[in-house]
Structure formats: structure tokens, C-alpha cells
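Enquirer: I'd like to ask some things about the structure below.
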Amino acid sequence: MDKQKVTAAILLGAFGVGFLGCVLHQDQEWSLSERRRLAQKPILSAQTLMDGKFMKEFESYSLDQFPLRETFRNLKAQVHYYVMQHKDNNGIYLVDGSLSKLETNLQQESVKSAADKFRALRERYFPDSDVYYGVIPDKNYYLAQEKGYPHINYKKLDAILAENLADMERIDLYDCLGAENYYKTDSHWRQETLGKVTDRIAEHLGVDVTDFDDYSETVYDQFHGVYRGQSALPLPAENLVYLSNDILDHCTVHHFETGKDTGIYEPEKLHGKDAYDVFLGGADALLTITNPNAATERELILFRDSFGSSLAPLLVKDYASVTLVDLRYVSSSILDQFIDFHGQDVLFLYSPSVYNNSTMLK
2 MDKQKVTAAI LLGAFGVGFL GCVLHQDQEW SLSERRRLAQ KPILSAQTLM DGKFMKEFES
62 YSLDQFPLRE TFRNLKAQVH YYVMQHKDNN GIYLVDGSLS KLETNLQQES VKSAADKFRA
122 LRERYFPDSD VYYGVIPDKN YYLAQEKGYP HINYKKLDAI LAENLADMER IDLYDCLGAE
182 NYYKTDSHWR QETLGKVTDR IAEHLGVDVT DFDDYSETVY DQFHGVYRGQ SALPLPAENL
242 VYLSNDILDH CTVHHFETGK DTGIYEPEKL HGKDAYDVFL GGADALLTIT NPNAATEREL
302 ILFRDSFGSS LAPLLVKDYA SVTLVDLRYV SSSILDQFID FHGQDVLFLY SPSVYNNSTM
362 LK
């Protein structure tokens, strides 16, 4: 058998195996690694065929449902990083075993719009309250510049907020954190390392917080963060730790969207789509933590993103209630239908990605 026949036989065999794999492959609805829904088989009709919709959707479907897709994603990522020496894959870069996402351009008008939103909320709902704001630094603040990666201009971000929120008190958290305070495979900070953060916030608010030596730890050792899936690199699982004590054990969390009451943590979420959802159940438009053993009758309203889910439980010691508002999921125009504004402390606390994309704030 000559070389041409051998080559043809190999190609036919490869196509045959590939075809058989596609036929036997069971479509998946969700990609756990990428935290997104996968494209499903499109409906074939004369209309979708004529207008090109079928072919467009079939292309997305075939890419999402390809057999051994995760294996090929992993192989591609390792070739990018370790063979071709690319600096990132899918916008995710790896430094000292820690993954982070490139974000390079500061959208100055977006930051100003966020400040405008905060001011409008204050004027409408809590003109006489003590109001504070801050930036939750992302990992890029501690990794990018030192390792030669592009990053947004954090000084400019702070300057825009300071200029437009002059009547609110700024809480500076940059020196309270380092790269080690974040999960290696995820964007979020590690709750068990936030002692300096809670001390700084408590100092400004004039409240006490629990000493970290008085917490007990629960460890989940199979945490895979969102950046691991987006980068497609096979990094090992890491520990996710959540903190408890007698105060937190007696708190209740009311979820306005579902009407359900839960505890501070929802351990069943550790085995779901995102283990970080263990903190207050994950993404939620509006919820209130009630602390029956609070040291005072004070209340706090925290306007937050997902970082606030793991932070808020650490602030409850002196507060009878802490209400968390996520303006990405609820319109600011209807807040008074759910919240009785009566002089609570108010804190706006967001990560740079929200300030940089403030159109998501309703």
C-alpha cells in the first residue's frame, strides 16, 4: 500500500471516528467550566434556512457541542501559554499560579455615571444618612503592573469618584489587600483573609466587627473558580473557606425575590454551578440579614456586587439588620417599595469592573 492510500485511509478513519463521536455524543445544556449555557440544536425550517439563521445557529451549536470539547480547549490553552508563550488566553492571564482577567481601558464617563447614580439615590432616598463609598480592588491592581500586564488607571478612577462624590466619605481599601487575598482561579476575594478590610470599614462606620480569631472555619476543598474555566487551564482545585460564629448562626436572611428565609450560608450551593454561591445564596437583587443578637439597633444598607456576598456577614455584629442591594438586578426607582428608608448607614462598595461598566446599574 503506497503512502497516498495510507494517508487516505487515516483521514477516512479520522472522519469516521469523528462522525461516530458526533452521533453518539449527548448534547449538554450547561458548561460548568465556563459558567454559561451551551448552544442547542437549531430548528430546521424553510424560513430559518432561507434567512441564514439555521446555518448561523448550527455553527454555534457545532462548536459548543463538539465531542471532547473540554479536552481540546485545555490542549489549546496549554499550547498558547507553554508552547507559543502567549501572555493570555481568552483574555485571562496566569501569574505565579494565579489567574486574572485583562481590563485595560478606563471608561471615564462610565465611572462618572456611577457617581451620578449614587448621588441621585442619596437625594431621593437617604439625604440625611451617613453615606460612604469605596472601590474593591481587583486582582489586577496587585498583579498586572508588577508583572508587565496592561491595566486600568486606578488613580484616575479614584479621582473621578472623589470629584463627583465629595459629599460622601471615601473608604480606601487598596492597602488592606494583596494578591494572596484572592482565589487563584477566581475573581473574588477570600472571606477568611478580610480582617484588614472589615477593620477599615468598621473604623469609618463607627461599629465593632468580630475578631477573626473568634470565627470557626468550614473548608470546601474542591473549588474551581470562573477564571479556570475561561482560561481552560487544568489548574488544581483550591480551598473555599467560610466563617461562622454564634452570631452568624442565629442570623436569618430574607430574600425579597423568592420570599424565602435562609441562613447566612447555603452549603448545598457548594455542589452547584458556582461554589461561591454558598455566600448568601449567590446573585440576588435584594436581601436583608437580620441579627437578633446585635449590639446596637443600627442598620446598614450595602449597595454591592458579588464581592459583598462574602463581606456582608462579617459586618453584622453591631447591626440589627444589613440590607444588600444589587442594582444590576433591581431598578433603583422601586427600592422604596421594599425598603423603609429611615436614616440607616449607607455604603456603596463596588469592584472596578462595575464602575467601568456602570450601564448595568439600573
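Note that the sequence shown covers residues 2 to 363 in the numbering used here.
Just so it is clear, CB atoms sit at the ideal spot from N, CA and C, and this is done for glycine as well.
Which residue's Cα is closest to the Cα of residue 320: 332, 294, 341?
Expert: When only C-alpha atoms are compared, the closest one is 294.
Enquirer: So, under 8 Å CB-CB, residue 208 and residue 353 are touching, yes? Tell me the CB distance rounded to an integer number of Å.
Expert: With 8 Å as the limit, residue 208 and residue 353 do not qualify as a contact, their Cβ atoms being about 26 Å apart.
Enquirer: Let me know if residue 182 comes out buried or exposed under the rule of 16 or more other beta-carbons within 10 Å of its beta-carbon.
Expert: Buried is the call here.
Enquirer: I believe residue 290 touches residue 265 by the beta-carbon criterion, under 8 Å. Please report the beta-carbon distance rounded to the nearest angstrom.
Expert: About 7 Å; that satisfies the 8 Å criterion.
Enquirer: Could you tell me the alpha carbon to alpha carbon distance between residue 361 and residue 148, rounded to whole angstroms?
Expert: Rounded to whole angstroms, residue 361 to residue 148 spans 30 Å at the Cα level.
Enquirer: Would you mind sorting residue 253 into buried or exposed? The rule is 16 or more other CB atoms within 10 Å of its CB.
Expert: Exposed is the call here.
Enquirer: Output yes or no for whether 7 Å exceeds the beta carbon distance between residue 217 and residue 100.
Expert: Not closer than 7 Å, so no.
Enquirer: Please classify residue 346 as buried or exposed, where buried requires at least 16 neighbouring CB atoms within 10 angstroms.
Expert: So residue 346 ends up on the buried side.
Enquirer: Tell me whether residue 147 sits in a helix, a strand or coil according to DSSP, three-state version.
Expert: If DSSP states are grouped into helix, strand and coil, residue 147 belongs with the helices.
Enquirer: Can you tell me the Cα-Cα spacing of residue 184 and residue 193, whole angstroms?
Expert: Residue 184 and residue 193: Cα-Cα distance of roughly 11 Å.
Enquirer: Three or more C-beta pairs under 8 Å: does that hold for the region 162–172 against the region 138–145?
Expert: No, they do not touch.
Enquirer: Decide if residue 191 is buried, meaning its Cβ has at least 16 other Cβ atoms within 10 Å, or exposed.
Expert: The residue is buried, with at least 16 neighbouring Cβ atoms inside 10 Å.
Enquirer: Give the range of the beta strand (DSSP E) segment to which residue 217 is assigned.
Expert: Run containing residue 217: 217–224, per the beta strand (DSSP E) assignment.
Enquirer: What number of angstroms, rounded off, separates the C-alpha of residue 342 from the C-alpha of residue 199?
Expert: Near 24 Å, if we compare the C-alpha coordinates of residue 199 and residue 342.
Enquirer: Tell me whether residue 335 is buried or exposed, calling it buried when 16 or more other Cβ atoms sit within 10 Å of its Cβ.
Expert: Residue 335 is exposed by the Cβ-count criterion.
Enquirer: Which residues in the same chain have their Cβ closer than 8 Å to the Cβ of residue 276, if we skip the five residues on either side of it in sequence?
Expert: So the qualifying residues of the chain are 221, 223, 224, 225, 241, 270.
Enquirer: Under a Cβ-count criterion, where at least 16 other Cβ atoms within 10 Å of its own Cβ denotes burial, should residue 314 be classed as buried or exposed?
Expert: Buried is the call here.
Enquirer: Among 112, 306, 212, which residue has its Cα nearest to the Cα of residue 156?
Expert: Looking at the Cα atoms, 112 is the closest of the given residues.
Enquirer: Which residue spans inside the region 84–129 form an unbroken beta strand (DSSP E) run of at least 3?
Expert: Runs of the beta strand (DSSP E) inside the region 84–129: 93–96, 99–102.
Enquirer: Looking at chain C, is there any beta carbon in it that lies within less than 7 Å of the beta carbon of residue 192?
Expert: Note that chain C does not occur in the displayed structure, where there is just one protein chain.
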